[in-house]
Amino acid sequence: MNVVSGVKIAVIGAGYVGLTTAACLASLGHRVVCADIDPAKVRALSRGEVTIREPGMAELVGAGLAEGRLRFVVGAGEAAPGAEVVFLCVPTPMGPDGAAKLAALEAAVAELRDPLPPDSVVVNKSTVPVGTAARVGELLGRSDVAVASNPEFLREGSAVHDFLNPDRIVIGSADLDAAKRVAALYEALNAPILLTDPASSEMIKYAANCYLATRLSFVNSIAELCERMGADVNDVTRGMGYDQRIGTAFLRPGPGWGGSCFPKDAHALLRSAAVIGSDFPLLRAAIDTNARQQRLVVGKVRQAVGGRLAGTRVGLLGLTFKAGTDDLRDSPALAIAELLAAEGAELVGYDPSMPGAVAGIRVVDSAYAAAAGASALVLLTEWPEFRELDWERIAGQISGRYVVDARNHLDPLVVHHAGLLHQRLGQPAPHRALSR
190 MNVVSGVKIA
200 VIGAGYVGLT
210 TAACLASLGH
220 RVVCADIDPA
230 KVRALSRGEV
240 TIREPGMAEL
250 VGAGLAEGRL
260 RFVVGAGEAA
270 PGAEVVFLCV
280 PTPMGPDGAA
290 KLAALEAAVA
300 ELRDPLPPDS
310 VVVNKSTVPV
320 GTAARVGELL
330 GRSDVAVASN
340 PEFLREGSAV
350 HDFLNPDRIV
360 IGSADLDAAK
370 RVAALYEALN
380 APILLTDPAS
390 SEMIKYAANC
400 YLATRLSFVN
410 SIAELCERMG
420 ADVNDVTRGM
430 GYDQRIGTAF
440 LRPGPGWGGS
450 CFPKDAHALL
460 RSAAVIGSDF
470 PLLRAAIDTN
480 ARQQRLVVGK
490 VRQAVGGRLA
500 GTRVGLLGLT
510 FKAGTDDLRD
520 SPALAIAELL
530 AAEGAELVGY
540 DPSMPGAVAG
550 IRVVDSAYAA
560 AAGASALVLL
570 TEWPEFRELD
580 WERIAGQISG
590 RYVVDARNHL
600 DPLVVHHAGL
610 LHQRLGQPAP
620 HRALSR
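Per our numbering, the sequence shown starts with residue 190, numbered consecutively.
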């Protein structure tokens, strides 16, 4: 298969999506200029200092800079001249009403309008409401510039891998030639490519994320039933997963879903549905179930410390929304921490990504420091290193006996052998400790 190389590409935004897009397209042989509004970030990236935690990213950025295929500039207008394809990778955060806020996207389009060369293609990778591609076309006001939608399906912590090994590539445009030009950029990846209309492309991203969020809410509800009925959710989900129609992905109970995508996208789709007069009760229930799951975890912690959180010290293992990233955005760990603090708990937390100050939590430099003197220890993020902890050492430091494992991540026998009570999700009772 012939590989298209050397296409001049502009990427607007150097966050998780933008930096991944820029670095990976450069690695495929294209010439990429990545723009951001933050001069400090641009200076750091230009020195090869990657501003996000993502495996493989530093190597790709370094190679792109060294080979002259990747550079960073301040402002979309600086990246536009000469660009054949422009990717919009800007934040679309959730507003107070749940709708996606498009101010950053609209500002980028306004800055691109004049310097864009004729016959270029503006491609939106940001997750945006259905109809945004048409809106971008209106804002550009350029009949000689095509618009396309090409949603990203990247997971934080494996974004580089996901970009270079996609399950599928979705491209939506009213201009078939423009869609094919965008598709050609990915030809070396040998992935299935779906060409569709812009509205369908935009909906695919929302539908995929909201389905996964709903699936997680479902399994958390099943876990609660298992606890009350004497079943083991791990065996239940294993038995479900053997069914090829279901599979094993996203069938693990946890403290609720979070991060920069699922909460934002679920609320945005719910808001979009409301605008057209649709209620979407299933998605609303998934959102409500997610909030309830966080309260259920708090209830387990409250029970573990004797029914009253006020004045108790609670150790938190993990603060990021999932392992393998340094992202705290909409982290269920922080949502649970906020609920614990509201009841008067003193919180001491540790995360391997070593975040800076976190409101309401005293962040320490080790899991052992988080456990010291704690009435209960709560595992909220599934970092692999937590499975390797010396649990007998922790048992000697913690003042209580409970470990609330909100990710079902730890080996029950190891925690049990250390003389601790191990409370998992979806099991009728904590594993009883051996005598201490």
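A virtual CB, placed ideally from N, CA and C, is assigned to each residue, including glycine. Here the structure is a predicted model, which means the values were calculated and not measured.
What residue range does the beta strand (DSSP E) around residue 398 cover? By 1-based counting over the sequence shown, the position of residue 398 is 209. Run containing residue 398: none in the beta strand (DSSP E); it sits in the alpha helix (DSSP H), 387-418.
Suppose you measure from the CA of residue 312 to the CA of residue 347; what does that come to, to the nearest Å? Looking up residue 312 in the sequence shown gives position 123. Looking up residue 347 in the sequence shown gives position 158. If you take the alpha carbons of residue 312 and residue 347, they lie about 23 Å apart.
Hey, which unbroken runs of the alpha helix (DSSP H) at 4 residues or more fall wholly within the region 201-263? 205-216, 228-235 and 246-255
If you pair each beta-carbon of the region 440-452 with each one of the region 366-376, do three or more pairs fall below 8 Å? no
Hey, is residue 588 close to the ligand SAM, as in C-beta under 7 Å from one of its heavy atoms? The ligand SAM is not among the ligands present in this structure, which contains no ligands whatsoever.
So which of 494, 611, 405 and 505 has the shortest CA-CA distance to residue 602? Looking up residue 602 in the sequence shown gives position 413. Checked all of 494, 611, 405 and 505; the closest Cα to residue 602 is 611.
Per-residue burial, residue 483 [other beta carbons within 10 Å of its own, 16 or more giving buried]: Locating residue 483 in the sequence shown gives position 294, counting from the first residue. So residue 483 ends up on the buried side.
Three or more C-beta pairs under 8 Å: does that hold for the region 292-300 against the region 250-262? no
Judging by CA-CA distance, which residue of 287, 268, 210 and 266 is the nearest neighbour of residue 249? Within the sequence shown, residue 249 is the residue found at index 60, counting from 1. Here the closest residue by C-alpha is 210.
Residues sharing a beta bridge with residue 432, DSSP: Numbered from its first residue, the sequence shown carries residue 432 at position 243. DSSP, once it has assigned bridges, lists no residue as partnering residue 432.
Whole-angstrom distance between residue 367 and residue 518, CA atom to CA atom: Taking the first residue of the sequence shown as 1, we reach residue 518 at position 329. Taking the first residue of the sequence shown as 1, we reach residue 367 at position 178. One C-alpha to the other measures close to 34 Å.
Taking the C-alpha atoms as reference points, what is the distance between residue 316 and residue 454? Stepping through the sequence shown from its first residue, residue 316 is reached at position 127. Stepping through the sequence shown from its first residue, residue 454 is reached at position 265. Their Cα atoms are separated by approximately 8 Å.
Since I believe residue 501 is in contact with residue 527 (beta carbons under 8 Å), could you give me their beta-carbon distance rounded to a whole number of angstroms? Counting from 1 along the sequence shown, the entry for residue 527 is found at position 338. Counting from 1 along the sequence shown, the entry for residue 501 is found at position 312. The Cβ separation is near 16 Å, so there is no contact.
Nearest to residue 407 by CA position, among 386, 429, 491 and 308, is which residue? Walking along the sequence shown from the start, residue 407 turns up at place 218. Of the candidates 386, 429, 491 and 308, the one whose C-alpha sits nearest the C-alpha of residue 407 is 429.
On the CB-based measure, 16 or more other CB atoms within 10 Å of its CB, does residue 203 come out buried or exposed? The sequence position of residue 203 within the sequence shown is 14, counting from 1. Flag for residue 203 reads buried.
Please report the distance separating the alpha-carbon of residue 238 from that of residue 387. Locating residue 238 in the sequence shown gives position 49, where the first residue counts as 1. Locating residue 387 in the sequence shown gives position 198, where the first residue counts as 1. Cα-Cα distance, rounded: 35 Å.
Measuring CA to CA, which of 460, 478 and 593 is closest to residue 487? Residue 487 sits at position 298 when you count from the first residue of the sequence shown. Answer by Cα proximity: 593.
Please state whether DSSP places residue 356 in a helix, a strand or coil. By one-based count along the sequence shown, residue 356 stands at place 167. Residue state, collapsed to three classes: coil.
Below 8 Å between beta carbons: does that hold for residue 334 and residue 276? Here residue 334 refers to the residue found at position 145 when the sequence shown is read from its first residue. Here residue 276 refers to the residue found at position 87 when the sequence shown is read from its first residue. Not a contact, by the Cβ cut-off of 8 Å.
As a quick exercise: from 310, 589, 265 and 553, pick the residue whose alpha carbon is nearest that of residue 369. Looking up residue 369 in the sequence shown gives position 180. Minimum Cα distance to residue 369 is reached at 310.
First and last residue of the alpha helix (DSSP H) that includes residue 441? Here residue 441 refers to the residue found at position 252 when the sequence shown is read from its first residue. Segment: none, residue 441 is in no alpha helix (DSSP H) and carries neither H nor E.
Taking the alpha-carbon of residue 405 as reference, which of 438, 556, 604 and 380 has the nearest alpha-carbon? What you label residue 405 is simply residue 216 of the sequence shown in a count that begins at 1. Of the candidates 438, 556, 604 and 380, the one whose C-alpha sits nearest the C-alpha of residue 405 is 438.
Which stretch, first to last residue, makes up the beta strand (DSSP E) that contains residue 313? The residue you call residue 313 lines up with position 124 of the sequence shown. From DSSP, the beta strand (DSSP E) with residue 313 extends over 310-313.
Rounded separation between residue 529 and residue 550 - CA only: The sequence position of residue 529 within the sequence shown is 340, counting from 1. The sequence position of residue 550 within the sequence shown is 361, counting from 1. So the two alpha carbons sit approximately 10 Å from each other.
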